[in-house]
Amino acid sequence: MLRRPSGPGRDKMPYGQKIVPKFIIYAAEGLQKVDTKGWRLRIEGNVEKPLSLAYSDLLELASDRGRFDFHCVTGWSVMGRVWEGISLKHLIHMAKPRPSVNWVAIVSTGGYTTVIPLEESLRDESMVALLLDGRPLPEENGYPARIFIPSLYGWKHAKWVEKIVLLDEYVDGYWEALSYHERGRVSLEERFKVRNVEVAREGRLLGKPRPLKPGTILE
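First residue of the sequence shown? That's 680 in my numbering, and the numbers climb one at a time after it.
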């Protein structure tokens, strides 16, 4: 069933955003080439049942489909694309997270990291996306799998994802360590941090930040 967005919708552009016809491609760790023969998606951390899923496993599980908008924190938006994959809620529940879990860390094959509030990961429209507009994800858009959460800005939508880690406490990912917001909700314009002692943990990083590489426009 094709779902419509429940967050900022196509009838109302979020403040500070401008529609563009195609994705502008950013890759802090450089574009990745992933061979699905050896690739697996792992779900681990504070869970009772860690998972390791091959690409074929994910294709069999894929039943989530929706027409959603994508909003980049730098001010551009791509509207009404069809995303397909597996509900993040379903994958997280399969791994049986312990009650103390509050955050979901994402790790990509190239070392990129980001962190997402558990409640945003459990939204119905949040998914591990495998297809875009009916076709496998283009390489530059994260093939074979990427995170897609339309309620959050695009830096939270990690591409070439290989690991989902359930955490009790917040840790900075790549952009969060460079002062991007802990949560990144589009509806609240959470672009950059105002240091929140209830959320942030100074000095704790999810991996070591790398030197910044500029975005590459491929389309």
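Each residue gets a CB set at the ideal place from its N, CA and C atoms; glycine is no exception.
Which residue marks the beginning of the alpha helix (DSSP H) containing Leu730, and which one marks its end?
That residue, Leu730, is in no alpha helix (DSSP H); its beta strand (DSSP E) goes 730-733.
- Query: Can you give the Cα-Cα distance for Glu900 and Ser830, rounded to whole angstroms?
  - Reply: Residue 900 is absent from the structure shown; the chain starts at 680 and stops at 898.
When Pro823, Val783, Thr792 are compared against Gly805, the one with the closest alpha-carbon: Position check: residue 805 holds Ser in this sequence, whereas Gly was assumed. Out of Pro823, Val783, Thr792, Val783 has the C-alpha closest to the C-alpha of Ser805.
**Report entry** Identity of the residue in Arg746, Cys751, Tyr694, Leu809 nearest Val840 by Cα
**Finding:** Nearest option by C-alpha distance: Leu809.
For Gly833, three-class secondary structure by DSSP: It is helical.
(message) My assumption, with CB atoms under 8 Å, is that Ile771 sits in contact with Ile826. Please give the rounded CB distance.
(response) Not quite, the Cβ-Cβ distance comes to about 12 Å (not below 8 Å), so this is no contact.
* To do: Would you mind sorting Leu737 into buried or exposed? The rule is 16 or more other CB atoms within 10 Å of its CB.
  => Using a 10 angstroms sphere on the CB of Leu737, the tally of other CB atoms reaches 16 or more, which defines it as buried.
| How many Å lie between Asn725 and Glu855 at the Cα? | Approximately 22 Å, taken between the alpha carbons.
*asked:* Taking contact to mean 3 or more Cβ pairs, one atom from each stretch, closer than 8 Å, check whether the region 693-701 and the region 709-721 are in contact.
replied: Contact fails: fewer than three Cβ-Cβ distances are below 8 Å.
Beta-carbon proximity list for Lys728, same chain, < 8 Å, skipping 5 on both sides
Hits under 8 Å: Met773, Ala774, Lys775.
Give the range of the beta strand (DSSP E) segment to which Met806 is assigned. Note, Met806: beta strand (DSSP E), 806-811.
* For Asp714, does the three-state DSSP call read helix, strand or coil? -> Taken through DSSP and simplified to helix, strand or coil, Asp714 comes out as coil.
- Message: Using C-beta distances below 8 Å, list every residue in its chain close to Met692, excluding the 5 sequence neighbours before and after it, in chain order.
- Response: Excluding residues up to 5 positions away in sequence, Ile698, Ser756 lie with their Cβ nearer than 8 Å to the Cβ of Met692 in the same chain.
Below 7 Å CB to CB, which residues in the same chain sit around Ile765 once its five sequence neighbours on both sides are set aside?
-> Once the five neighbours on either side are set aside, the close Cβ partners of Ile765 are Leu737, Leu740, Ala741, Asp743, Met806, Val807.
Exercise. Can you tell me the Cβ-Cβ gap for Thr653 and Gly852, rounded? I've got them flagged as a contact below 8 Å.
Key: Residue 653 lies beyond the range of the chain shown here (680 to 898); nothing can be said about it.
Suppose contacts are defined by Cβ-Cβ distances below 7 Å. Is Tyr791 in contact with Ala733 by that definition? Between Tyr791 and Ala733, the gap from beta carbon to beta carbon reaches 7 Å or more.
- Where the alpha helix (DSSP H) through Leu846 begins and ends: Careful: Leu846 lies outside any alpha helix (DSSP H), inside the beta strand (DSSP E) at 840-846.
Practice task
Note down the Cα distance separating Ser866 from Tyr832, rounded to an integer number of angstroms.
Solution key: Near 10 Å, if we compare the C-alpha coordinates of Tyr832 and Ser866.
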